[in-house]
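Sequential numbering of the sequence shown, starting at 813, is according to our numbering.
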Amino acid sequence: MMITLALSKGRIFDETLPLLQAAGIKMLEDPEKSRKLILPTNQPQVRVVLVRASDVPTYVQYGGADLGVVGRDTLIEHCAEWGETSLYQPLDLKIAQCRMSVAAPADFDYAGKVRQGARLRVATKYVNIARDFFAAKGVHVDLIKLYGSMELAPLTGMADAIVDLVSSGNTLKANKLVEVEHIMPISSRLVVNQAALKLKQQRIRSLIEVFAAAVG
Ligand code: AMP
């Protein structure tokens, strides 16, 4: 019985490796060197598929993969569209940690605008997270959906502020933006296909247990 795990390249892949090791699973190829999208492991019954971070929930929901590792940010946006029950979410893996924040140009009086009840233009890839956050604060916003390089939006005058992931803060600093609100902490979670959980129950339950123990 094959188990397929969906991962995205980069931080999530790198930080999932030690968890796989704990389950005795080793990758046989380096994804940065290989062009393959399906990577074998030392266990013939376990393989990894490499997909875009925002496609991981989709692969798992539709059974292209049994399991996946996905950031809380991506997961919230996916579930806003497909519902909380579209995926089983058994475990916070506490990897790829960062935070979701509001950032604005240093010379933009964000707090003042909020106090005045001004309408803000906010650019983001995370429209559901942003909508919920500003609605809860009672701040009126026009959201501009982008797919990348959010930092550019305020620099070009297209938006007053952005909602984006922040880790070291270097990207914001390099673009003369400052963090003005913390929205939520972000880490990556394990997601599981609902049907696979029933059909491959033993194998998947034991993987979840090993990962849980490795996370601590
Ligand atoms: P930094 O310059 O370290 O604050 O990193 C910020 C940039 O890296 C942002 O453009 C984010 O989109 C991206 N980023 C940082 N941490 C993560 C993460 N855990 N998952 C995905 N993207 C991230």
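We put the CB at the ideal spot given by N, CA and C, even for glycine.
Since this is a predicted model, take the numbers as computed values, not measurements.
DSSP state of residue i, grouped into three classes?
i       : result
Tyr874  : coil
Gln1013 : helix
Glu963  : coil
Asp944  : helix
Pro869  : helix
Arg931  : coil
Ser820  : coil
Lys988  : coil
Ser1018 : helix
Pull up the CB-CB distance for residue i and residue j, whole angstroms please, since I reckon it's below 8 Å.
i       : j       : result
Cys910  : Val978  : 6 Å
Ile824  : Ala908  : 5 Å
Val1004 : Leu887  : In fact, because the Cβ distance is near 12 Å, the residues do not count as touching under 8 Å.
Leu840  : Asn854  : 6 Å
Met912  : Ala935  : The Cβ separation is near 14 Å, so there is no contact.
Gly883  : Ile1020 : Between Ile1020 and Gly883 the Cβ distance is about 19 Å, and since that is not below 8 Å, they are no contact.
Leu862  : Leu849  : 5 Å
Glu889  : Tyr938  : 6 Å
Asp885  : Ile956  : About 17 Å separates the two Cβ atoms, so there is no contact after all.
Ala916  : Asp972  : 6 Å
Check each candidate in the options and name the one with the smallest Cα separation from residue i.
i      : options                        : result
Gln873 : Glu893, Pro966, Gln857         : Glu893
Gln880 : Val914, Leu905, Ala916, Glu896 : Reading off the sequence, residue 880 comes out as Gly, not Gln. Looking at the Cα atoms, Leu905 is the closest of the given residues.
Pro966 : Arg933, Met996, Val939, Ala923 : Arg933
Ile815 : Glu844, Ala835, Ala918, Gln857 : Gln857
Val860 : Ser866, Gln928, Ile837         : Ile837
Ser846 : Ala948, Glu827, Lys821, Ala835 : Lys821
Met813 : Val1022, Ala1025, Leu1011      : Leu1011
Met970 : Gly981, Asp954, Asp919, Asp976 : Asp954
Tyr871 : Gly950, Ala818, Pro902         : Ala818
query: Hey, which unbroken runs of the beta strand (DSSP E) at 3 residues or more fall wholly within the region 844-914?
result: Taking only runs of at least 3 residues, the beta strand (DSSP E) segments lying wholly in the region 844-914 are 850-852, 858-862, 879-883.
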